[in-house]
Every structure is written in C-alpha cells, then in structure tokens.
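Sequential numbering from 1 applies to the sequence shown in UniProt numbering. Yeah, the Cβ is synthetic: ideal placement off N, Cα and C, and Gly gets one too. Because the structure is a prediction, the values reported are computed rather than measured.
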Amino acid sequence: MASNENFPSIGALAERTDALEERDDQADPTQADNDEERPLQEIESLCMVCNEQGITRLMLVSIPYFKEVIVSSFRCQHCGNTNNEIQSAGTIRDFGLIYTVKVLVASDLNRQLVKSPFCTITVPEIELTIPPSRGNLTTIEGLLSGVIDDLSPEQPLRRIQTPEAYEKIQAMIDRLREVIPEEKEGETDAERALRESPDRTFPPITVKLEDPSGNSFVEFVGSMSDPKWNMREYKRSREDNVLLGLASEDGTSNAQSGSNAEQPGEKPDMDEVFVFPGVCSSCSRPLDTKMKRVNIPYFKEIIIMSTNCEACGYRDNEVKSSGAVSSQGKRIILKVQDTDDLSRDILKSETCGLTIPDIDLVLTAGTLGGRFTTIEGVLDQVYDELSGKLFGDSGTKNKDNQAFQDFLTNLKDVKSAERPFTLILDDPLSNSYIQNLYAPDPDPNMTIEMYDRTKEQNDDLGLSDMKVEGYENDSDEIGPGHSLQAVKEEPEVEIAQDKAL
C-alpha cells in the first residue's frame, strides 16, 4: 500500500502549494527551483491533436475514507487541447461496489466523486446512463455539467437529422438544467443568490455508481450513516472479471477472489434449471423465467425463480418454499453482535414478517416478497425501499422527514453492525430460516419458538377453507336422486373445497 508521504491529502497538497508560492515570491529569482518539492510533477507529452509537445501534470493524492489515486492533467499550449484523467494507485478489490446518493438540494451537488474507467453511472429519473470511460475526479455537479456540455453542441444538428433523438435528449438536458441552472444574461442579484444558494431545491434525482473493480467512490457527509448515501458490495460475474482482465473470455483462468457469478446468498446448483417462457409485466416483451430447486442444510428444499427482461431491464426474484404446510408457526429471534452475523444466510418467505425492535422497524408479511439472501442483503433492500419512499417525491424538509431521516440513520448503523440489535422473523407457515453457524449444535445467539396459529391467521392464509382429508368421499355424501346441476345450486354442499384442491 502506498504511504501517506507519497500520497498526501488534497488539503495537505494545497498547504504545500501555498507555502511554495509564498517562498518563491520572497526568494532570489536566480535561484533554481527544487522540482522534488513541487506537489505537481510536470512532463512533456505529445499532443494527439496537433502533434506538438504539451505538458502533462501528475499529482499523487489520498482521498479520505477511500484510497490513493493518481490525477493526471494534459494541456497543449499550441492548440488548447486538454485532457484530465484519474487512475487508482491501489489493487482491484475482491468485490464490486454500488454507491447510491439522493441529490435533494444544491449542497448535495458538491459531493466529491471518483469514477474509475470501469464505472457505470446512472440517473434513473432522467434515464441517463454514463458507460465506462476514462477515470475522472470531480463532483456531482461537475459530472452533470459535463453531460450537458457533451450533449448540447450537437442538438441543432439532431433537430434536423433525427428529430426523435433531439426531443429525448432535449428533455434530458432540460431536466438537468432544473438541477444545475445556467447563468443568464442580466440576471439580478436576487436571482444569482437563489441560483447559488446551497439550500436551493429541485426535483430530486438519484446518482448511482456501479463499479466491478470497486475503485470508484462518492463522498458521504459527516459519516457513513449519512441517510442520503449508501454503499453495497456485490460479487463480480464472469463478464466483469473478463472486463477487468482477471479472466479470459473462455473462463479458463481467474486468479482474483470474489469472481463467482453467484449473487449474495445463492447456493451452488443442485438440479438443472428449468426455463418457462412468459411476458414482461413492464414492457410486454417475451422473456424467460428460470426456476431451480435448492436444498438448504438443516431446513428444507426451496424453489428460486428469477425473471430478467433484456428489453427493458426489468428484474424480479422470488423464493417459494416446497413441501407440506406446517402445523405450527415459527418465530426466530437472533441476537446480532457483529459483521459475522450479517453474513448469515436468511430465507424470508412471502408470509413472514420482520421486526427489529431496537430501531422500531416492523415489516408485515408480504413486504419484499420471498427472499433468499444474507441478513446484510435483506437490510440493504429494506434501506433502498424506504429511502426511495422518503427522497423520491420531494426535497423539502419537515419534521416528519427529519424523523424518517433519523430512522434511516439508525437503520444504517444496524445494517453495518455498528451496534448490536435483535432480528425477529415471524412466519405462521414456518417457511423462513436463518443460518445456524453452530449447526448441528444449538446456536447460543438464536432462539426458535414454535406456536399454534390463530383462527385469523388460518383465515388469512386460506387454510380454513382447505379440505385435505375425506374429499374422495364427497360424491357418496351427495346421495341418490341429486343431479350434478342440483349440487351446484345447493349452497350447503361444499363443492368449492374440492375446487380449491
């Protein structure tokens, strides 16, 4: 790892530059400069536009809470060509990273952003996707301003040649201009003050960075408990490792850990994968739903179903339990102490409720559907869902929003195991599960309680109307002289029970 001496912080570089400039002002002009003391190293480089010699400046800098990077800036004095780039000075991480930031007010635009050459940036609200390109060190405002600058010059030509593309791109530019208004000619001091105010609001947007190398970053405010900021790790796919040069295209070599294409919480294949054709519920295009049976040790078999539409990007994953209906419900109580507990596998069925009393989190049955992942994974999904509801409609501040932001801050502390908490799964069908790290011995941090379902629970689950015994004798109970038509018209005959079976 690079030393702090070779990679000082940006603040330390600024102080060193100021000290050198002050010394140069007072020094003898005939005295030679010591280039080694300069924070910027300058070298001559060939300009690829005019083939003259330009200057490349290199700066080694350490970004707080991230890592060491190399910032390079090229400028040609002959033709004015410029180029800025950032490269990681560290190794590729064992996993990919996804950063999500909710941009609500103008001050959020000042967050520092590092984009590696492998990073994809999306802004879902305006359907903006910035594919992997050269690395960059900027701010969110600088990133979005660059998009406007790149798209705007060709708009007059698009308006004539491709009107449809012009309309779509202009709508995107107009939406970005709501976030970053341009300076107008003759604007008053009041208009300028409003435009430059850090509390200026606008329709909120979400900036998402997805980097399989893990070498991108977006700044949080205060601490990692910042409710507008979220970071999630994921395992790279084979395609990601090919892109990073960690594996060949035929997949014969891979020296990097974390290259498994499985998603968090998935298990190795047990049986073949079944494919069922269907129609996308979002765009109505044809798609395939894949289904596979997985055996969870010390529990039961489950069915994992995955739907992915290549046309619109819609995705859905569901987990269904197989086997007979349990005669009792199950309540699992886990004392989460550290990050090791967050890596436990968890199966939350569609009939299971989830509770964390320490932060007053209560998810009723049916919320999030069925999920087979880790405790960290399910808490990440809860955070993404709730933060979207808070920041999705308006950037205005009120007491309710502030209370919700405090709740999200507590949820972030919990999902990173910064403090112990209690996780409770309550499933009346006993189809949920938390991994026992001590199996087959009892887990000292986990309690499992079996209980009898109430009549209301049986009614809600449809068990009260289900007939599983004696249905084969229903035809004999009808008796002689009753026709099938008569049976259908008699409400006292529970023929509906047979239909349910």
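Query - Whether residue 215 touches residue 75 by CB criterion (8 angstroms) - result: No, these two residues do not count as a Cβ contact at 8 angstroms.
Query raised in the report: From the DSSP output, which residues share a beta bridge with residue 58?
Result: Looking at the DSSP assignment, residue 58 forms a beta bridge with 41 and 72.
Query raised in the report: Looking only at its own chain, which residues have a Cβ that is under 8 angstroms from the Cβ of residue 244, when we skip the five neighbours before and after it?
Result: Answer for residue 244: 92, 118, 212, 213, 236 and 256, listed in chain order.
Query raised in the report: By DSSP, does residue 153 sit in helix, in strand, or in coil?
Result: Judged by DSSP in its simplified three-state form, residue 153 adopts coil rather than helix or strand.
Report task. Please confirm whether residue 426 and residue 353 have their CB atoms less than 8 angstroms apart. Result -> It is a contact, given that the beta carbons lie within the stated cut-off.
Query raised in the report: Who does residue 217 pair with in a DSSP beta bridge?
Result: Residue 217 has 114 as its beta-bridge partners, per DSSP.
Query - Pick from 42, 303 and 132 that is closest to residue 274, judged by C-alpha positions - result: Nearest C-alpha to residue 274: 303.
Report task. Express the C-alpha separation of residue 108 and residue 544 in angstroms, rounding to a whole number. Result -> Residue coverage of the chain in this structure runs from 1 to 501, which leaves residue 544 outside it and unanswerable.
Query raised in the report: Would you say residue 148 faces chain C, with C-beta separation under 8 angstroms as the test?
Result: Absent here is chain C; the protein component of the structure consists of one chain.
Query - Bridge partners - residue 371, DSSP secondary structure assignment - result: 348, per the DSSP bridge assignment.
**Report entry** Proximal residues to residue 431 (C-beta, below 6 angstroms), its chain only, five neighbours per side dropped
**Finding:** Correct list, in chain order: 321 and 349.
Report task. Please list, in chain order, all residues of the same chain as residue 279 whose beta carbon is under 8 angstroms from its beta carbon, the five residues on each side excluded. Result -> Shown here for residue 279: same chain residues with a beta carbon closer than 8 angstroms to its own, the five before and five after excluded, namely 285, 286 and 287 in chain order.
**Report entry** Alpha-carbon to alpha-carbon, residue 363 and residue 189
**Finding:** So the alpha carbons of these two residues sit roughly 50 angstroms apart.
Query - C-beta contact flag for residue 204 and residue 104 at 8 angstroms - result: Yes, these two residues count as a Cβ contact at 8 angstroms.
Report task. Between the Cα of residue 308 and those of 416, 97 and 291, spot the shortest distance and give me the residue it belongs to. Result -> Ranked by Cα distance from residue 308, the options 416, 97 and 291 are led by 291.
Query raised in the report: Can you tell which of 424, 87 and 78 has its C-alpha closest to the C-alpha of residue 449?
Result: Among 424, 87 and 78, the Cα nearest to that of residue 449 belongs to 424.
Query raised in the report: What is the rounded straight-line gap between the Cα of residue 145 and the Cα of residue 346?
Result: Computed Cα separation, rounded: 43 angstroms.
Query raised in the report: Hey, which unbroken runs of the alpha helix (DSSP H) at 4 residues or more fall wholly within the region 439 to 470?
Result: Counting only runs that start and end inside the region 439 to 470, the alpha helix (DSSP H) elements of at least 4 residues fall at 455 to 460.
Requested in this report: Return helix, strand or coil for residue 410, following the three-state DSSP convention.
Outcome: Secondary structure of residue 410 (DSSP, three-state): helix.
Requested in this report: Kindly indicate the opening and closing residues of the alpha helix (DSSP H) around residue 194.
Outcome: Taken as a continuous stretch (DSSP letters only), the alpha helix (DSSP H) holding residue 194 covers 189 to 196.
Query raised in the report: From residue 78 to residue 71, what distance separates their C-alpha atoms?
Result: One Cα belongs to residue 78, the other to residue 71, and the distance between them is close to 22 angstroms.
Requested in this report: Take residue 59 as the anchor and find which of 41, 47, 142 and 139 has the nearest alpha-carbon.
Outcome: Of 41, 47, 142 and 139, the smallest CA-CA separation from residue 59 is found for 41.
**Report entry** residue 84 versus residue 149 - alpha carbon distance
**Finding:** Rounded to the nearest whole angstrom, the CA to CA distance from residue 84 to residue 149 is 15 angstroms.
Query - Euclidean distance between Cα positions of residue 300 and residue 435 - result: Roughly 12 angstroms between the two C-alpha positions.
Requested in this report: Return the Cβ separation of residue 356 and residue 447 in integer angstroms, given the expectation that the two are a contact with Cβ distance under 8 angstroms.
Outcome: Not a contact, Cβ separation roughly 15 angstroms.
Query - alpha helix (DSSP H) runs wholly inside the region 159 to 193, at least 4 long, in chain order - result: Complete alpha helix (DSSP H) runs here, min 4: 163 to 179.
Query raised in the report: With a Cβ-Cβ cutoff of 8 angstroms, do residue 121 and residue 207 count as a contact?
Result: It is a contact, given that the beta carbons lie within the stated cut-off.
Query - Contact set for residue 173: own chain, Cβ-Cβ below 7 angstroms, skip 5 residues either direction - result: Once the five neighbours on either side are set aside, the close Cβ partners of residue 173 are 148, 151 and 152.
Query - Distance CB(residue 218)-CB(residue 209) smaller than 8 angstroms - result: Yes.
Report task. Provide the residue span of the beta strand (DSSP E) that contains residue 287, from first to last. Result -> Element bounds for residue 287: 286 to 295.
Query raised in the report: What's the C-alpha gap between residue 101 and residue 197?
Result: Between the C-alpha atoms of residue 101 and residue 197 there is a straight-line separation of about 20 angstroms.
Report task. Mark residue 49 as exposed unless 16 or more other C-beta atoms lie within 10 angstroms of its C-beta, in which case mark it buried. Result -> Residue environment analysis places residue 49 among the exposed positions, since fewer than 16 neighbouring C-beta atoms fall within 10 angstroms of its C-beta.
Query raised in the report: Tell me the DSSP bridge mates of residue 339?
Result: In the DSSP output, where bridge partners are listed per residue, residue 339 has none listed.
Report task. Might you give, ordered along the chain, the residues of its own chain that have their beta carbon closer than 6 angstroms to the beta carbon of residue 229, omitting 5 neighbours on each side? Result -> Cβ neighbours of residue 229 beyond the five flanking positions: 101 and 220.
Query raised in the report: Where does residue 238 fall in DSSP's three states?
Result: In this structure, residue 238 counts as helix in the three-state DSSP scheme.
Query raised in the report: What is the DSSP secondary structure of residue 325, counted as helix, strand or coil?
Result: Residue 325: coil per DSSP, three-state reduction.
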